[in-house]
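A short worksheet on the structure shown next.
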Amino acid sequence: MRKLTLFFMTLILFNLSFAAEDTTFTFQGFSPVSPSVVKSTKRVKVLGKSRVSYPMFFGKSGNITKNMNKNMEKFISDYKSSRNKIYTVTSEVKGDNSAFVSVLFTVEEKDTKTGEKTTSYDGISFNVKDGKPLKLKDVLVDGFNDALTDAVNDKFRQFGLPQVDKFDAVSKKQNFYLENDSLVLIYNQGEGTNFADGQVFIPFILTDLIGILK
């Protein structure tokens, strides 16, 4: 009887494991016009003297949106004011479909000593299968660095933008956001070029990245 019980317990565990949904992010089978699976509403949070506008998420899968909101709160905590800096942050959902949600932040930083204001951009994207933030390595295949670096350098040449000294086309913490049909790399002041205001957005249509997309 004991052996029979152990057999059925093993069988149940096997079936549960087999039935568990794979939450690994992939573009396989992805459609840019696929419907959104989560909804969002704008919130404003005061962090010290900073003011941050950001989306909070809700939907049928409470655990997933709970993870998204938890990670969003952690993300915006970096913009809490300090003795020398105050931030005013606005946000816009740029990508929203059955695979991911992506948000672009515009960050105005004020130096409280000099009164000088600078603008930068930040992005966060979520895998809507588990609510976890996506890094560049999560959306591209292993070994993508060289191919993407070449593509970035080509874009700079196409745009006629001079690069900063020791330009790092793809850093370990590369800033980016996703639109429904494209991936956009963000280079803030001093990271890509010193031309104009030094802000550069390098877009890639997803179909142009076939071969390195997961």
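128 is the number that the working numbering gives to position 142 of the sequence shown; each next residue is one higher, with no gaps.
Every residue gets a Cβ at the ideal spot worked out from N, C-alpha and C, and that includes glycine.
Treat the numbers as computed from the prediction; the structure is a model and nothing was measured.
- In this structure, L33 lies away from S111, with their beta-carbon atoms at least 7 Å apart.
- Between K99 and I72, the C-beta spacing is not below 7 Å.
- Proximity to G129 across V114, K158, K118 peaks at K158, based on C-alpha coordinates.
- Under the DSSP assignment, F112 falls in the beta strand (DSSP E) whose first and last residues are 103 to 113.
- In this structure F162 is buried. Its beta-carbon is surrounded by 16 or more other beta-carbon atoms within 10 angstroms.
- Burial is judged here by how many other beta carbons sit within 10 angstroms of a residue's own beta carbon; G48 has fewer than 16 and is exposed.
- In terms of Cβ geometry, S67 and K103 do not form a close pair [threshold 7 Å].
- Every unbroken stretch of the beta strand (DSSP E) spanning 3 or more residues and falling wholly within the region 56 to 92 is given here in chain order: 71 to 82.
- Taking C-alpha positions only, R143 is separated from Y107 by approximately 22 Å.
- For V32, the enclosing beta strand (DSSP E) stretches over residues 25 to 33.
- When the beta-carbon positions are compared, I188 and K121 stay at least 7 Å from each other.
- In this structure, the alpha-carbon of F181 lies about 16 Å from that of N139.
- Between L192 and L169, the beta carbon gap of about 7 Å places them in contact (Cβ cut-off 8 Å).
- The three-state secondary structure of K96, taken from DSSP, is strand.
- Per DSSP, the beta-bridge partners of M42 are T27.
- The beta carbons of G117 and I50 sit closer together than 7 Å.
- K56 and S39 have their C-alpha atoms some 15 Å from each other.
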